[in-house]
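Enquirer: My questions will all concern the structure given below.
2 protein chains.
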Amino acid sequence: MGGQLKMLESCIFVIFGATGDLTHRKLMPALYRLYVRNELPKNFAVVGVARKDKTHDDFRQDVKKSMAEFLPKEKFDRLDKFLSGVFYYRNDFDTADSYAGLKKFLEDTDKKYRTAGNRIFYLATLPDKFEPIIKNLRKQKFLAKGKDHRLIIEKPFGDDLKSARKLNKIINTAFRENQIFRIDHYLGKEAVQNLFALRFANKIFEPAWGERNIENVQITLLENTGIGTRGGFYDRYGAIKDVMQNHMMQILSLIAMSPPKNFNPGEVKDSKVKVLREISIPKKNDIVIGQYRKGALKGSVDYKDEEGVAKDSRTETFAAIKFCINNERWKGVPFYLKTGKNLDRKLVQIIVYFRNTSLLSKFSGGIHPNALIIKLFPDEGIYLRMNIKTPGNNFEIENVSMDFCHSCLFVINTPEAYEKLLHDIFLGDPTLFTRWDEVEAAWKVIDPVIAKKKKIRLHYYSSGSPGPEAADRLVKKNGHHWGLEHM
Amino acid sequence: MGGQLKMLESCIFVIFGATGDLTHRKLMPALYRLYVRNELPKNFAVVGVARKDKTHDDFRQDVKKSMAEFLPKEKFDRLDKFLSGVFYYRNDFDTADSYAGLKKFLEDTDKKYRTAGNRIFYLATLPDKFEPIIKNLRKQKFLAKGKDHRLIIEKPFGDDLKSARKLNKIINTAFRENQIFRIDHYLGKEAVQNLFALRFANKIFEPAWGERNIENVQITLLENTGIGTRGGFYDRYGAIKDVMQNHMMQILSLIAMSPPKNFNPGEVKDSKVKVLREISIPKKNDIVIGQYRKGALKGSVDYKDEEGVAKDSRTETFAAIKFCINNERWKGVPFYLKTGKNLDRKLVQIIVYFRNTSLLSKFSGGIHPNALIIKLFPDEGIYLRMNIKTPGNNFEIENVSMDFCHSCLFVINTPEAYEKLLHDIFLGDPTLFTRWDEVEAAWKVIDPVIAKKKKIRLHYYSSGSPGPEAADRLVKKNGHHWGLEHM
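Next comes the structure, spelled out in structure tokens:
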């Protein structure tokens, strides 16, 4: 997307939080794979920044170890060459003093790697470090005029509308909106991007795309693991802020948006923002929240007994919400969002259920609604479930799944989402990143939900179960049911 | 289809033209396979009628031989049992005298087989015998009151509107419209029936079904053989009357019809007739006709040198016509019909080309339009060709074919079209048969085309070629091209 874009020719890629999980699991593997495919800027170096004391070689050894773990199928014949351009710098994010040395180090690296003063800053730290890092980058004059600077920031972007606005203000003192890449790795997934192509590169689905033909939409993000070591953070946040405000709202807006006037990134985002603003605030009884307890899942404990969680916590680890969109296209069509931890399966998928036709009313039982199914996990793929005639002498209808032959390719040929997203950042293509007004619009929906959360029942569910039954009642009262795996 | 229908319990199946190709290739194999599956009426006998002198056993031996040829994979463990209920009666169709004996024979068979005086008459003769047979059935009182009588009649139904009306009048002296089954075996094909399910048992395609989203429709019926021994008949008829007036118009009406008010056969036919009546008469330069000459095709001769063909014949063995439909839904959408003999391939398919979207205009070259492809020959199947995103870091679009998993089943589990159609006749379901007003509406389109044929150029083409180039110009002038095999 994005018309005539030009690959960045040179830069230093500075990772704040270089010893963390994200750096090791995703960023370094993605950068290496881009390197192998010659898709990095020509003049390029990586500088990892974190608090721990480490030499460049320590860091390279760490990276080497984690690469072997997270890229098990990769050949590493060019890894040493790649790592020779990877450096480590010790820095205490909160302390102004340590930035001067970092600045000097980057300038020295510039000379060695001809990176011309251009910088990409990746904030892979805990969110409470975003502010001090950005303030220091500005104060310590990291951002020389005439140079190319880009900021990559991970979720969460604030923890409510107010704090998000505050954070954004701080970022804007140092970076312009078009230099900011708010990353949401779900948007890097092939199948999510294909949703865009399916809707707008075809005249097949778009004419059906609305309340006349669509019965309901389901966005499901189920996990069969708990909160791990994130207790402190998670307990303050909960499922709704953790994944609904960002990933799930992004997917919702991709499904619900109207066709943009053209396919420039700005117009695409305008269209997404418009529909986010048209989401109605859910009523209390359209919200179901739950919290896991010890259960069949191996090693599970009551959520309240997790490390870092308050003993009287009411934080939800499960949420199912019916959203409606207040426009002509989607009038009366429920968008059901469901997410949870410690459930009976790990499954991420989007289902668009088409309405049944009057022809189908002739056939009793066994007729499933038609559906477009976009699977993101465990496997990635897009399926169309359609009613066709059963072969034979009677006119009977059966439901078959067609899968895009394409989905076979996903397995062998899909770049990891982070590769795609980093590539787009080098290219300067904002299409797959969240613009500020998208963040703002999503918080405007989520903030009132969070406010209502306090007044509704928290359903406890057993770890390893499908979640609270109240979530089933939520859809059943509209005559719907949750679609599980349909393949 | 057709709601609460009841299988006929008893009847004699009388085939006029029992020594002909149709009887041996299609009817007897279809009846046997229905027999094996217990899908024939409970009390049932077959009486073949023709001019040749034969004993019952002669006829049974003939049938046995042709079955082995045309059902090569069939187990014949129940064939002798089936044949014990098959009889032969010599009858000169034109001579009133011979009918009395036939009538007596049928009545005797009634007693033996408890077939209760019910009759299905299948006219598998040359069309010039339709009249005398029907007249005699009436005059000789074959059609006793209170009994169940059905008439099955093969194409051609008349050779213009006038003669069709005359024939229909004669039939109506003996049979009511709901007793008449005008057979068009294309409508018995699984893939054609699936077209109906695809459109009306789904909310996926129907919203796109019209001029806003469909660029053009192509119905193609290509043969790589000549007229065989049908010279005398064919030369009087030509390609347009031979297949366009019936098969191709039927398919066109299935594609173009509006959704019926309900799915009772009557409503379905009303909707088909309506759209047939809305077809505009093609202009002279929207009609291309051709005639084959000797060519690369083995054994081919100039059409004029075929047996039974006039030396100065202008009869078309090829036709390509652009039809338009004068209603809101199809305004400006060409329906291209193309058929021919002695061409470079045998191929029967329907292609619905969707319009390109503005998103696609970003991508130069290589982008094919989306299409729904219904293949009838060589293999039967339904495919959807869609634009989706190419896997990888760039947003490129590629065109993939999805096939309905279903199509795999066609091969092993498809009843031959005639089985399906005979089954529907026993059931009394008229859905897949051509009602009189459909025949009439089709002739009203075809008659003026035939009249214009005399005033336009006849293009000669070499046997084994793709047909005259003028057919390509016909579509190119609208920016289209003929779709060939897209799988």
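Protein chains in written order, with the numbering used here: chain L, 675 to 1161; chain G, 675 to 1161.
From the three backbone atoms N, C-alpha and C, an ideal C-beta is built for every residue, glycine too.
1) Between G:A770, G:I857, G:L869, which has its C-alpha nearest D1098 (chain G)'s C-alpha?
2) Would you kindly report the start and end of the unbroken alpha helix (DSSP H) that includes T783 (chain G)?
3) With H, G and I counted as helix, E and B as strand and the rest as coil, what does DSSP make of Q965 (chain L)?
4) Using the rule of at least 16 other Cβ atoms within 10 Å of the residue's Cβ for burial, across every protein chain shown, is N1087 (chain L) buried or exposed?
5) Just curious, the alpha helix (DSSP H) that C706 (chain L) is in, first and last residue?
6) Kindly list, in the order they appear in chain G, the residues whose Cβ is closer than 9 Å to that of Q867 (chain L).
7) Would you mind listing the alpha helix (DSSP H) stretches within the segment 1084-1147 of chain L that are 4+ residues and don't spill past its ends, in chain order?
8) Of all the options G:N876, G:G1157, G:I844, G:N887, which has the alpha carbon lying nearest to the alpha carbon of L1046 (chain L)?
9) Are L1127 (chain L) and I901 (chain L) close, meaning C-beta to C-beta below 9 Å?
10) Is it buried or exposed for M918 (chain G), if we count other Cβ within 10 angstroms and need 16 for buried?
11) In chain G, which residues lie less than 8 Å from T1031 (chain L) when you measure between Cβ atoms?
12) Could you check what DSSP says for A913 (chain G) in three-state terms: helix, strand or coil?
13) Express the C-alpha separation of N765 (chain G) and A798 (chain G) in angstroms, rounding to a whole number.
14) Between which residues of its own chain and W883 (chain L) is the CB-CB distance below 7 Å, once the five residues before and five after are set aside?
15) Hey, out of L:T783, L:I995, L:Q924, whose CA is closest to K957 (chain L)'s CA?
16) Could you name the residues of the same chain whose beta carbon sits closer than 6 Å to that of K803 (chain L), not counting the 5 residues immediately before and after it, in chain order?
17) What residues from chain G crowd round N1152 (chain L), counting only those whose CB sits closer than 9 Å?
18) Could you tell me whether the Cβ atoms of A930 (chain L) and V942 (chain L) are closer together than 9 Å?
19) How many angstroms separate the CA atom of E952 (chain G) from the CA atom of V1119 (chain G)?
20) Can you give me the Cβ contacts of K1049 (chain L) inside the same chain, cut-off strictly under 6 Å, excluding the 5 residues immediately before and after it?
21) Which whole-angstrom value describes the C-beta separation of L679 (chain G) and L1101 (chain G), a residue pair presumed to lie in contact below a C-beta threshold of 8 Å?
22) Applying the criterion that 16 or more other CB atoms from any shown protein chain within 10 Å of the CB defines a buried residue, is H698 (chain L) buried or exposed?
23) State yes or no: is the beta carbon of N712 (chain L) nearer than 9 Å to at least one beta carbon in chain G?
24) Which same chain residues, not among the five before or five after I686 (chain L), have their C-beta less than 8 Å away from its C-beta?
25) Do you know offhand how far A865 (chain L)'s Cα is from Y709 (chain G)'s?
26) Please classify N810 (chain G): is it buried, with 16 or more other beta-carbons within 10 angstroms of its beta-carbon, or exposed?
27) Along the chain, which unbroken stretches of the alpha helix (DSSP H) at least 4 residues long are found entirely within the segment 796-847 of chain L?
28) Do S1139 (chain L) and N936 (chain G) count as a contact pair if the criterion is CB distance below 9 Å?
29) Quick one: which residues of the segment 927-957 of chain G get their C-beta closer than 8 Å to a C-beta of chain L? List them in chain order.
30) Return the residue from the list G:A993, G:C998, G:P1008, G:T847 that minimises the CA-CA distance to N665 (chain G).
31) Which class does F879 (chain L) belong to by DSSP, given the choice of helix, strand or coil?
32) Among all the DSSP beta bridges, which residues are the ones paired with N938 (chain L)?
33) Out of L:F761, L:T989, L:D695, which has the shortest C-alpha to C-alpha gap to T729 (chain L)?
34) May I ask you to list, following chain order, the residues of the segment 685-713 of chain G that have a beta carbon less than 9 Å from some beta carbon of chain L?
35) Would you kindly work out how many angstroms separate the C-alpha atoms of I914 (chain G) and N1152 (chain G), rounded to a whole number?
36) Following the continuous beta strand (DSSP E) through Q735 (chain G), name the residue where it begins and the one where it ends.
Expert: Judging by the given coordinates:
1) Counting from 1 along the second sequence, the entry for residue 1098 (chain G) is found at position 424. Looking at the Cα atoms, G:I857 is the closest of the given residues.
2) Numbered from 1 along the second sequence, position 109 holds the residue referred to as residue 783 (chain G). Per DSSP, the continuous alpha helix (DSSP H) segment holding T783 (chain G) begins and ends at 771-787.
3) The count along the first sequence starts at 1 and reaches residue 965 (chain L) at position 291. Correct three-state label for Q965 (chain L): strand.
4) In the first sequence, the residue the question calls residue 1087 (chain L) occupies position 413. Legend: pLDDT at N1087 (chain L) = 48, less than 50; position of this residue unreliable, value from coordinates given subsequently. Label assigned to N1087 (chain L): exposed.
5) Mapped onto the first sequence, residue 706 (chain L) falls at position 32. Checking the sequence shown, residue 706 (chain L) turns out to be Tyr, not Cys. In this chain, the alpha helix (DSSP H) harbouring Y706 (chain L) covers 702-710.
6) For this step, residue 867 (chain L) is matched to residue 193 along the first sequence. Close to Q867 (chain L), with beta-carbon spacing below 9 Å, are these residues of chain G in chain order: K1063, F1069.
7) You should have 1091-1101, 1110-1127.
8) Stepping through the first sequence from its first residue, residue 1046 (chain L) is reached at position 372. Looking at the Cα atoms, G:N876 is the closest of the given residues.
9) By 1-based counting over the first sequence, the position of residue 1127 (chain L) is 453. By 1-based counting over the first sequence, the position of residue 901 (chain L) is 227. The residue asked about is misnamed: residue 1127 (chain L) is Lys in this sequence, not Leu. Cβ atoms of K1127 (chain L) and I901 (chain L): not closer than 9 Å.
10) For the purposes of this step, residue 918 (chain G) is identified with residue 244 of the second sequence, where counting begins at 1. The residue is buried, with at least 16 neighbouring Cβ atoms inside 10 Å.
11) The count along the first sequence starts at 1 and reaches residue 1031 (chain L) at position 357. Within 8 Å Cβ-Cβ: F874, A875, N876, K877, E880.
12) Numbered from its first residue, the second sequence carries residue 913 (chain G) at position 239. A913 (chain G): helix per DSSP, three-state reduction.
13) Translated into positions along the second sequence, residue 798 (chain G) becomes position 124. Translated into positions along the second sequence, residue 765 (chain G) becomes position 91. Cα to Cα, the separation comes out at about 14 Å.
14) On the first sequence, position 209 is the one that residue 883 (chain L) refers to. Excluding positions up to five away in sequence, the list reads R873.
15) On the first sequence, position 283 is the one that residue 957 (chain L) refers to. Ranking L:T783, L:I995, L:Q924 by Cα distance to K957 (chain L) puts L:I995 first.
16) Locating residue 803 (chain L) in the first sequence gives position 129, counting from the first residue. Closer than 6 Å at the Cβ level, and outside the excluded window around K803 (chain L), lie F767.
17) Residue mapping note: residue 1152 (chain L) aligns to position 478 of the first sequence, counting from 1. Those within 9 Å of N1152 (chain L) in chain G number zero; the least Cβ separation is about 17 Å.
18) For the purposes of this step, residue 930 (chain L) is identified with residue 256 of the first sequence, where counting begins at 1. For the purposes of this step, residue 942 (chain L) is identified with residue 268 of the first sequence, where counting begins at 1. Contact check for A930 (chain L) against V942 (chain L) fails: the beta carbons are separated by 9 Å or more.
19) Counted from its first residue, the second sequence places residue 952 (chain G) at position 278. Counted from its first residue, the second sequence places residue 1119 (chain G) at position 445. In this structure, the straight-line span from the alpha carbon of E952 (chain G) to that of V1119 (chain G) is close to 9 Å.
20) Here residue 1049 (chain L) corresponds to residue number 375 of the first sequence, with the count starting at 1. Here the set comprises Q1023, G1055.
21) Start at 1 with the first residue of the second sequence, and residue 679 (chain G) comes out as number 5. Start at 1 with the first residue of the second sequence, and residue 1101 (chain G) comes out as number 427. Correct: roughly 5 Å between the Cβ atoms.
22) Residue numbering aside, residue 698 (chain L) sits at position 24 when the first sequence is read from its first letter. Answer is buried; the Cβ neighbour count reaches 16.
23) If you number the first sequence from 1, residue 712 (chain L) lands on position 38. So, not an interface residue.
24) Your numbering for residue 686 (chain L) matches position 12 in the first sequence. Closer than 8 Å at the Cβ level, and outside the excluded window around I686 (chain L), lie F718, A719, V720, V721, L780, T783, D784, Y787, T789, N792, R793, I794.
25) In the first sequence, counting from the first residue as 1, residue 865 (chain L) sits at position 191. In the second sequence, counting from the first residue as 1, residue 709 (chain G) sits at position 35. Approximately 49 Å between the Cα atoms of the pair.
26) Counting from one through the second sequence, the residue named residue 810 (chain G) turns up at place 136. When all chains shown are included, N810 (chain G) counts as buried.
27) Taking 4 residues as the shortest admissible run, the segment 796-847 of chain L contains the following complete alpha helix (DSSP H) segments, listed from N- to C-terminal end: 804-813.
28) Counting from one through the second sequence, the residue named residue 936 (chain G) turns up at place 262. Counting from one through the first sequence, the residue named residue 1139 (chain L) turns up at place 465. At a Cβ-Cβ threshold of 9 Å, N936 (chain G) and S1139 (chain L) do not count as neighbours.
29) Per Cβ criterion, the list reads N936, F937.
30) What is shown of chain G runs 675 to 1161, which leaves residue 665 (chain G) out entirely.
31) Within the first sequence, residue 879 (chain L) is the residue found at index 205, counting from 1. In this structure, F879 (chain L) counts as coil in the three-state DSSP scheme.
32) Locating residue 938 (chain L) in the first sequence gives position 264, where the first residue counts as 1. Answer is none; N938 (chain L) lacks a bridge partner.
33) The residue you call residue 729 (chain L) lines up with position 55 of the first sequence. Here the closest residue by C-alpha is L:F761.
34) Hits within the stretch, in order: L708, R711, E713.
35) Translated into positions along the second sequence, residue 914 (chain G) becomes position 240. Translated into positions along the second sequence, residue 1152 (chain G) becomes position 478. For I914 (chain G) and N1152 (chain G), the distance between alpha carbons rounds to 22 Å.
36) For the purposes of this step, residue 735 (chain G) is taken as residue 61 along the second sequence, with counting starting at 1. The continuous stretches of beta strand (DSSP E) do not include Q735 (chain G), which lies in the alpha helix (DSSP H) extending over residues 730-744.
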